[in-house]
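So the sequence shown is numbered by our numbering: it starts at 10 and just counts up by one. Idealized CB from N, CA, C, for every residue including glycine. Owing to the predicted nature of the structure, the values given are computational and were not obtained by experimental measurement. Here's the structure we're looking at; comments come further down.
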Amino acid sequence: MDMIQVNQEKCIRCSLCVNVCPTKFITMGDQGPEATGENCIACGHCVAVCPWAALDNMKAPLAQQLSLEKVPILDADTAARFLRARRSIRCYKQEVVPREKILQLLDIARLAPTGGNTQGVSYQVIDKADTLRKITSLVIDWMEEQVQTGSPWGPYYAQPIDNYRKTGEDVILRDAPCLVVAISARNFLPRGRDNSHFSLAYAELYAPAIELGSCWAGFFEMCASSGYQPLISLLGLKEEMAVTGALMVGYPQFTYRRLVDRNPLKVTWQ
Ligand SMILES: Cc1cc2nc3c(=O)[nH]c(=O)nc-3n(C[C@H](O)[C@H](O)[C@H](O)COP(=O)(O)O)c2cc1C
10 MDMIQVNQEK
20 CIRCSLCVNV
30 CPTKFITMGD
40 QGPEATGENC
50 IACGHCVAVC
60 PWAALDNMKA
70 PLAQQLSLEK
80 VPILDADTAA
90 RFLRARRSIR
100 CYKQEVVPRE
110 KILQLLDIAR
120 LAPTGGNTQG
130 VSYQVIDKAD
140 TLRKITSLVI
150 DWMEEQVQTG
160 SPWGPYYAQP
170 IDNYRKTGED
180 VILRDAPCLV
190 VAISARNFLP
200 RGRDNSHFSL
210 AYAELYAPAI
220 ELGSCWAGFF
230 EMCASSGYQP
240 LISLLGLKEE
250 MAVTGALMVG
260 YPQFTYRRLV
270 DRNPLKVTWQ
């Protein structure tokens, strides 16, 4: 069967599908839109843009696309406030997050844009308190090794190590009830890491809509991506896979009352 099917009764040859195809995979032939070559990236633009639902694509089936009468665009002020209100959550309620809720979060995360629609990210979710505590302890051990071996990151690690050793406070995973670990194939780096981070950024932005909060687990990612064996073994990571991002997730304990500013905007024009 052809990759592209066109319903000739519905198609009016408007060329919208041709215009939006990023790889010029679809061209306008005598009989209407047709596939040329092999370079469909399965982005689904051709199917999604057709007002008449006249086109189907095996790689992005019409039946799996959700109808959208009106694109839900937030007004500028709401959108700006929504984006500015996102914060790293480091204080969580000690409440279990149902797995269905994490699935709901990741089902949006997986829709983030990726270069060439390559995607290639899977997720390992850790929600067992014992395992989370063990991870924190291993990351601290690794940080200590980094300090001792003179790693350039050593100075950044000294304070969290000291804090953890003196108080036992979870400075790595912040006592979050859940850790989402993004995983990509080692031979897909560095693109896999980019894609993971886009996906986790989506998760971070979507989280408050389902009462969740999140925080990037950068210390954890540094340790895991360095290949620290005790952590890799704990995660049960296959040799050919790599940790390419991580996000703590849980119910936030506190609400922020103000929007903060950042460094001044720097722009150049040509
Ligand atoms: C890639 C990345 C890694 C991060 N790693 C950590 C981390 O390990 N622990 C932590 O508490 N915050 C971590 N953060 C959160 C940043 O500290 C935070 O985004 C920054 O201070 C700005 O605060 P905000 O996110 O609340 O706006 C990380 C953020 C990013 C983007």
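Environment of L28 [buried if 16+ CB atoms lie within 10 Å]: Within the sequence shown, numbered from 1, the residue matching residue 28 stands at position 19. Here residue 28 is Asn; the residue named in the question, Leu, does not match the sequence. That one is exposed.
7 Å Cβ shell around E220 - same chain, five flanking residues per side excluded: Sequence index remark: in the sequence shown, residue 220 carries index 211 (1-based). Once the five neighbours on either side are set aside, the close Cβ partners of E220 are Y260.
At least 3 beta-carbon pairs within less than 8 Å: the stretch 171 to 179 vs the stretch 88 to 105: no
Pairwise C-alpha distance: N48 and V69: Mapped onto the sequence shown, residue 69 falls at position 60. Mapped onto the sequence shown, residue 48 falls at position 39. The question names Val, but residue 69 in the sequence shown is Ala. For A69 and N48, the distance between alpha carbons rounds to 14 Å.
Option nearest L198 by Cα separation, candidates W278, V252, P31: Counting from one through the sequence shown, the residue named residue 198 turns up at place 189. Minimum Cα distance to L198 is reached at V252.
One or two residues paired with I135 in a DSSP bridge: Locating residue 135 in the sequence shown gives position 126, counting from the first residue. Answer by DSSP bridge pairing, in chain order: L188.
beta-carbon F263 near ligand 1 non-hydrogen atom, thresh 8 Å: Residue mapping note: residue 263 aligns to position 254 of the sequence shown, counting from 1. No, the Cβ of F263 stays beyond 8 Å of every heavy atom of ligand 1.
Whether I8 touches P169 by CB criterion (9 Å): Coverage of the chain is limited to positions 10 through 279, which leaves residue 8 absent and any answer about it impossible.
Where A44 falls: helix, strand or coil (DSSP): On the sequence shown, residue 44 is found 35 positions in, with the first residue counted as 1. Reduced to three states, the DSSP call for A44 is strand.
Bridge partner(s) assigned by DSSP for S223: Numbered from 1 along the sequence shown, position 214 holds the residue referred to as residue 223. Paired residues: V258.
Nearest candidate by alpha-carbon position, reference Q282, set A216, D39, P31, Y166: Lying before the first or after the last residue shown, residue 282 is absent from the chain, which here runs from 10 to 279.
Delimiting residues of the beta strand (DSSP E) encompassing L268: For the purposes of this step, residue 268 is taken as the residue at position 259 of the sequence shown. Note, L268: premise wrong, no beta strand (DSSP E); not H, not E.
For A167, the three-state DSSP class (helix, strand or coil): Locating residue 167 in the sequence shown gives position 158, where the first residue counts as 1. Correct three-state label for A167: helix.
Sequence-distant residues of its chain with Cβ nearer than 7 Å to C55 (five each side left out): Position 46 of the sequence shown, counting from 1, holds the residue named residue 55. C26, V29, C30, I35, L64, N66.
V269 beta carbon near ligand 1 (any heavy atom closer than 8 Å): Taking the sequence shown and counting its residues from 1, one reaches residue 269 at position 260. Yes, the Cβ of V269 comes within 8 Å of a heavy atom of ligand 1.
Cβ neighbour criterion (16 or more within 10 Å) applied to E230: Counting from one through the sequence shown, the residue named residue 230 turns up at place 221. E230 is buried by the Cβ-count criterion.
T32 versus A44, R142, A226, A210, residue with shortest Cα-Cα distance: As a position in the sequence shown, residue 32 is number 23, starting the count at 1. Among A44, R142, A226, A210, the Cα nearest to that of T32 is on A44.
Nearest residue (CA-CA) to A212, options V258, I50, T127: Within the sequence shown, residue 212 is the residue found at index 203, counting from 1. When each option's Cα is compared against that of A212, the closest is V258.
Proximity test, W278 beta-carbon vs ligand 1 heavy atom, cut-off 8 Å: Sequence index remark: in the sequence shown, residue 278 carries index 269 (1-based). Outside the cutoff, so no.
CB-CB length for P186 against Q103, believed under 8 Å: As a first step, residue 186 is located in the sequence shown; it is residue number 177 there, counting from the start. As a first step, residue 103 is located in the sequence shown; it is residue number 94 there, counting from the start. Confirmed, about 7 Å.
Distance cut-off 8 Å: S205 Cβ against heavy atoms of ligand 1: Locating residue 205 in the sequence shown gives position 196, where the first residue counts as 1. No, Cβ of S205 sits at least 8 Å from all heavy atoms of ligand 1.
L114 - containing alpha helix (DSSP H), residue span: Within the sequence shown, the letter at position 105 stands for residue 114. Looking at the DSSP string, the run of the alpha helix (DSSP H) that includes L114 is 108 to 118.
Beta-carbon gap between L244 and V189 smaller than 9 Å: Position 235 of the sequence shown, counted from the first residue, corresponds to residue 244. Position 180 of the sequence shown, counted from the first residue, corresponds to residue 189. Contact: no.
Member of Q128, K137, G236, S193 whose CA lies at the smallest distance from the CA of R108: As a position in the sequence shown, residue 108 is number 99, starting the count at 1. With distances taken between Cα atoms, R108 lies closest to K137.
N- and C-terminal bounds of the alpha helix (DSSP H) containing G201: For the purposes of this step, residue 201 is taken as the residue at position 192 of the sequence shown. Per DSSP, the continuous alpha helix (DSSP H) segment holding G201 begins and ends at 200 to 215.
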